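Residue numbers (the numbering used here): 3 to 937. C-beta atoms are modelled at their ideal positions from N, C-alpha and C, and glycine is treated no differently. Since we're looking at a predicted model, the values are computed, not measured.
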């Protein structure tokens, strides 16, 4: 340890205009025209509406459209309303402009000639108009009324207006302030009531309801009007920036639009702390706007709109000191920022306003041994780690000590100094060293080269070059994560988990260990990584290819490079810290940057606004139930995505559900779908920055195109009923014809059967009488019995002759009668073999079928006393089979063929199953299909 010196801090205050919140400028041009912008408001869609010498324009940062060209009748006042914006022209025409259209609300010639200075529209739709010479005008319900000095206003010359949360109006006049409700003045503030300047030019209302006013000579003051005794606080007692023509309050900052030096940001807590932009100082501010994201906009009479983000303060230089090459950075318990540059070590309070000064720390430093890390311990000692010169301890009470390897430090090349629970840790090129307040304790590591160290639960974790993160505790040294990789930095998140990062590693949680890193391969891990910091509930990593935030609880990654204005930065390690207020400080190639990002900065979702919707040529409200006729089947939608940080990066993805499910990417802000068929549709769209939409939410419009009347359900129902009736009548007519034809066929069948029966009976008589003649000649007695039997047979025939079908049992009875008659003639020379079961006997058959077959068998074969001629009748379940042997006669009898033909014909009329006839050399077989008996 070597005592160097005691520190005596000195500072010199110099004029400085460098420190100012991050400003982006948007060019509002259409064609070759460069409009001169005087007024700016934000409409309910979030678009910027501006009044210029070319008329009323509207922009989303990427596209500009002319809402109302008024070159001959210039717009002198502009105000946001519940719907659209309210505009007043030089000639006194009051307009409402909404969704790209403007309608005249009222023509007030008395307010012409540029008398109108400002307007506001309250929640009830009443429009309040500030006039210079006619007091305060109020328009509502199609009527106009006035309030002036005679009615209690401080003066008839009104410069500006603002609305209180309860709907009352604050009026800024040439003779002070007033609060009005309805048609009466409730309170006033002038010289007599303590106003620092009667001539109030501008007014605004803060979130807490307090009134802030910009004056002609004394800057800005605050009026707390909600007390019995007015409380007035002058913001800056040494104001030298001229008249304040507009004022806006956001958070802890008051913004003043001046004519002499442009916009000025004033820290409410510091009062004297002011921030000015050197670039904007040359042009007067015409109007100031606080947008819904908390950003400040202003116009200066050119075609530019300027947007300042109060959450981001950039200090490229201060008091002539270059802050673009910071090599180390830390904050101490006094809320001072310590930073090292190639020019030395410095400290400054954590507010870089014009009135605050930088203090140089008088250390004897060698430029060959730069400070590469700074840390403050719990006792207020600030430690500076150098590359080659060991570490320097600057005690809070002044003494300075240097420690090197002679004092037990592992190596004089120290890359990081970090505060521990019971001392300080130092990461060196040869392992780790811990200082317990009295001496150093070196810890040898196989890794050797160490970048960072963090203590968690009395365990040290070390980020190494090529060995990942190693754990150092009483048990020894073990690998904790990312073995074989290079890790540059360590930090703990809001929940106490330890994280590391390095080139190509992604976010890696060390304790408790995360299985897979998050974000590896994407910016900034595809380039140089400078710093890993915890901010509120997120982790932010800074690198040369971008800045990415991680929400550890959800794993959500957000590219915040553009949102924080840190594109293309370079930096050293150990150049990020957090002050006592929670603000994040970063030293980079842009300078010293203070970051207080909000949720809006991390939200990667871009809101979509529908500007107009046309069905056919008719405008409709996108949030209403849209139901149009079939002839208005062209859907046109105009939309935008609000991303003022980088408007050109906005992309859209859309789909029209009902026409197709595929999502289509586009950069257009207007889409038309023509010739849509009748049906229900949902138009879905989302906006995002870059190339990956991720989980960006969809915004939808639902609409229905009604079919023409001839395609409505009622028309279909009527048509269906008509077709059904026609089909019914046709079928009924056809059925009538079929039934008639069927009756004709039945009559024809009956006629044919009757004809067949009439042919059967005479044929059988012919055979019977022929046999009888032969018996009479040979055996008269047998002939008498034969006649007797014959009469019984004919009586049975009479019983069945008029029937279409009979049972097999009845037919067998007839056959047996007939065969008895034939046996009287032939005796034992013939035989009948019946093989029919009971089921077959109950089935149906055409009358006389078996009789005719047996008769033909006896007629056409030789019957003698030698061998018995046998006829077999048997059933197989579906047929009756009649078989006889063939004994051909020498002189065959004349045959008409009627018997077998009549059987085939009768069955063809009754059934589709045919009669089968089989003839061989030895036998003759006929298959008769069984039929149902019927009624």
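Residue i classed as buried or exposed, judged by whether at least 16 other C-beta atoms fall within 10 angstroms
| i | result |
| --- | --- |
| residue 288 | buried |
| residue 460 | exposed |
| residue 923 | exposed |
| residue 918 | exposed |
| residue 932 | buried |
| residue 775 | exposed |
| residue 442 | buried |
| residue 829 | exposed |
| residue 788 | buried |
| residue 250 | buried |
| residue 18 | Reliability fails at residue 18, whose pLDDT of 39 lies under 50, so the model's placement of it is uncertain and the value that follows must be treated cautiously. So residue 18 ends up on the buried side. |
| residue 74 | exposed |
| residue 880 | exposed |
Alpha carbon of residue i to alpha carbon of residue j, nearest angstrom
| i | j | result |
| --- | --- | --- |
| residue 121 | residue 171 | 11 Å |
| residue 325 | residue 495 | 28 Å |
| residue 234 | residue 440 | 55 Å |
| residue 717 | residue 738 | 31 Å |
| residue 499 | residue 492 | 11 Å |
| residue 126 | residue 146 | 15 Å |
| residue 66 | residue 542 | 35 Å |
| residue 929 | residue 893 | 28 Å |
| residue 725 | residue 733 | 12 Å |
| residue 449 | residue 371 | 23 Å |
| residue 622 | residue 556 | 40 Å |
| residue 690 | residue 407 | 54 Å |
| residue 654 | residue 692 | 10 Å |
| residue 261 | residue 417 | 50 Å |
| residue 97 | residue 109 | 9 Å |
| residue 940 | residue 522 | Past the boundaries of the shown model lies residue 940; the chain is included only from 3 to 937, so the question cannot be answered. |
| residue 368 | residue 577 | 20 Å |
| residue 798 | residue 812 | 9 Å |
| residue 2 | residue 445 | There is no way to answer for residue 2, as the model of the chain reaches only from 3 to 937. |
CB of residue i within 7 Å of CB of residue j, strictly
| i | j | result |
| --- | --- | --- |
| residue 502 | residue 465 | yes |
| residue 135 | residue 158 | yes |
| residue 255 | residue 312 | yes |
| residue 591 | residue 619 | no |
| residue 336 | residue 646 | no |
| residue 817 | residue 853 | yes |
| residue 559 | residue 550 | yes |
| residue 57 | residue 644 | no |
| residue 204 | residue 162 | yes |
| residue 332 | residue 579 | yes |
| residue 545 | residue 526 | yes |
| residue 1 | residue 207 | Any property of residue 1 remains undetermined from this structure, which presents the chain solely from 3 to 937. |
Beta strand (DSSP E) segment containing residue i, residue limits
| i | result |
| --- | --- |
| residue 474 | 471 to 475 |
| residue 866 | It is not in any beta strand (DSSP E) - residue 866 carries neither H nor E in the DSSP assignment. |
| residue 120 | 118 to 123 |
| residue 887 | 881 to 887 |
| residue 316 | 306 to 317 |
| residue 444 | 442 to 445 |
| residue 872 | 871 to 877 |
| residue 224 | 222 to 226 |
| residue 25 | 22 to 29 |
| residue 41 | 39 to 44 |
| residue 349 | 346 to 351 |
| residue 705 | 701 to 707 |
| residue 691 | 681 to 691 |
| residue 182 | 178 to 183 |
| residue 568 | No beta strand (DSSP E) contains residue 568, which DSSP labels as neither H nor E. |
Segment limits, alpha helix (DSSP H) that includes residue i
| i | result |
| --- | --- |
| residue 604 | 601 to 604 |
Along the chain, which unbroken stretches of the beta strand (DSSP E) at least 3 residues long are found entirely within the region 775 to 856? Listed in chain order, the complete beta strand (DSSP E) runs (minimum 3 residues) inside the region 775 to 856 are 832 to 837.
List, from N- to C-terminal side, the beta strand (DSSP E) runs of 3 residues or more that fit wholly inside the region 89 to 163. Qualifying beta strand (DSSP E) stretches, in chain order: 95 to 100, 103 to 109, 118 to 123, 129 to 133, 138 to 142, 145 to 149.
In chain order, what are the residue ranges of uninterrupted alpha helix (DSSP H) at least 4 long that sit wholly in the region 594 to 666? Here the runs fully enclosed are 601 to 604.
At 3 residues or longer, and completely inside the region 411 to 435: list those beta strand (DSSP E) runs for me, N to C. If we require 3 residues or more, the beta strand (DSSP E) runs fully inside the region 411 to 435 come out as 416 to 422, 425 to 430.
Counting only runs of 3+ residues fully inside the region 375 to 405, write out the beta strand (DSSP E) ranges in chain order. You should have 384 to 388, 393 to 396, 401 to 405.
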